[in-house]
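Some notes on the structure that comes next.
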Amino acid sequence: MPAENKDILLLSGTAGYFDALCYLGLQRVFPANMTGNTVLLGIALGKGMWEDALLTVSAVLGFCLGALLTTLLLKEQRPGVWTSQVVRLFGLEWILLFLFTLLWLFTQATFPTLGITILLILLASLAMGIQSATVMMLGFPGIVTTYITGTLTSLMGNLGNWLRPAHYQRQYPYISHAALTASQKHDIIRQASTWLVYLLGAVLGGAATLYLPTLSVCIPLITIALVIANTVIRQHPPTL
């Protein structure tokens, strides 16, 4: 597996882990899953749960600001090329996660105030917005590490094109049907792996919150640091 694919899986697992961690620890909101947050916001508004609505809006706002900031900062990005700009953006994500971790550790011993909870949500969703937009601009087909619905849709589309019977092509010649290329096979494997690793990350996030409530918040710092280190090493391979 190419090194870049391993980093994509690390990022996807981090998003799943962080979604589970924050959902269980921050009043049931997701820092990365904006589809889920949109549903939660609708439920909160429909039931008149204004504080819950405010928390969910904070997550959506933070994510959007992170994605917008990434778009403004990441200039002339070529698909598939992990440039120094990408490293800086993942570094910015790591800094936000570090601030989140410090605030979490200092406030979770006591019940945090609404203002502290909103600040935690903003830091978390800002970080995930940066990650999501950065990976999207890297141009991996059908993959955004925080948009699992889209990844699954792309995966099923690729599988459907592959499995479509030959007689269907003769009956409907305007619908493409061809044997999978090596690149398409890699896309299917990468998309399926992204979903599975996101799921595994969520499982680990739920378990860590239960069994390692203090240390659990530190895991995303480690995984993002690994992605940064891997990228720097690829850019500047050690010489013997």
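Here the sequence shown is numbered in this note's numbering, starting from 127 and rising by one per residue. Glycine included, every Cβ here is placed at the ideal spot set by N, Cα and C. For clarity, every value in this text was computed on a predicted model and none was experimentally measured.
Same chain, Cβ closer than 8 Å to residue 88, neighbours up to 5 away in sequence not counted: Residue 88 is absent from the model: the chain starts at 127 and stops at 366.
Reduced DSSP category for residue 268 - H, G, I as helix; E, B as strand; rest coil: As a working note, residue 268 is residue 142 in the sequence shown. Low confidence applies here, because residue 268 scores a pLDDT of 49, under 50, leaving its location unreliable; read the following figure in that light. Residue 268 falls in the coil class under three-state DSSP.
Per-residue burial, residue 337 [other beta carbons within 10 Å of its own, 16 or more giving buried]: Position 211 of the sequence shown, counted from the start, is the residue given in the question as residue 337. Exposed is the call here.
DSSP state of residue 208 mapped onto helix, strand, coil: Working through the sequence shown from its first residue, we reach residue 208 at position 82. Here residue 208 sits in coil by DSSP.
Rounded straight-line distance, which links the Cα of residue 215 to that of residue 353: Mapped onto the sequence shown, residue 353 falls at position 227. Mapped onto the sequence shown, residue 215 falls at position 89. Distance between the alpha carbons of residue 353 and residue 215 is about 11 Å.
Inter-stretch contact at 8 Å, needing at least 3 Cβ pairs: the stretch 246-255 / the stretch 181-200: yes
Same chain only: Cβ atoms within 8 Å of residue 224, ignoring 5 sequence neighbours per side: The residue given as residue 224 occupies position 98 in the sequence shown. Excluding residues within five positions, the ones whose Cβ falls inside 8 Å are 347.
Exposure label - residue 210; buried when at least 16 CB within 10 Å: Walking along the sequence shown from the start, residue 210 turns up at place 84. Counting Cβ neighbours within 10 Å, residue 210 comes out exposed, since fewer than 16 surround it.
Residue range of the unbroken alpha helix (DSSP H) whose run includes residue 236: Translated into positions along the sequence shown, residue 236 becomes position 110. No alpha helix (DSSP H) contains residue 236, which DSSP labels as neither H nor E.
N-terminal and C-terminal residue of the alpha helix (DSSP H) that residue 180 is part of: Sequence index remark: in the sequence shown, residue 180 carries index 54 (1-based). Per DSSP, residue 180 belongs to the alpha helix (DSSP H) from 176-199.
7 Å Cβ shell around residue 254 - same chain, five flanking residues per side excluded: Mapped onto the sequence shown, residue 254 falls at position 128. Result list for residue 254: 141, 144, 157, 158, 189, 192 and 272, in chain order.
Beta carbon of residue 233 nearer than 8 Å to that of residue 221: For the purposes of this step, residue 233 is taken as the residue at position 107 of the sequence shown. For the purposes of this step, residue 221 is taken as the residue at position 95 of the sequence shown. Not in contact: residue 233 and residue 221 (Cβ atoms no closer than 8 Å).
Chain-order list of residues whose beta-carbon lies under 8 Å from that of residue 226 (same chain, five-residue window excluded): Here residue 226 refers to the residue found at position 100 of the sequence shown. Once the five neighbours on either side are set aside, the close Cβ partners of residue 226 are 246, 249, 250, 253 and 343.
First through last residue of the alpha helix (DSSP H) which encompasses residue 340: Taking the sequence shown and counting its residues from 1, the one referred to as residue 340 is at position 214. Premise fails: residue 340 is in no alpha helix (DSSP H) and is neither H nor E.
Chain-order list of residues whose beta-carbon lies under 6 Å from that of residue 200 (same chain, five-residue window excluded): Within the sequence shown, numbered from 1, the residue matching residue 200 stands at position 74. Only 211 and 263 meet the Cβ criterion.
CB-CB length for residue 136 against residue 349, believed under 8 Å: As a first step, residue 136 is located in the sequence shown; it is residue number 10 there, counting from the start. As a first step, residue 349 is located in the sequence shown; it is residue number 223 there, counting from the start. Residue 136 to residue 349, Cβ: 5 Å. Contact.
Under 8 Å between C-beta atoms of residue 256 and residue 195: Position 130 of the sequence shown holds residue 256. Position 69 of the sequence shown holds residue 195. The answer is yes: Cβ separation under 8 Å.
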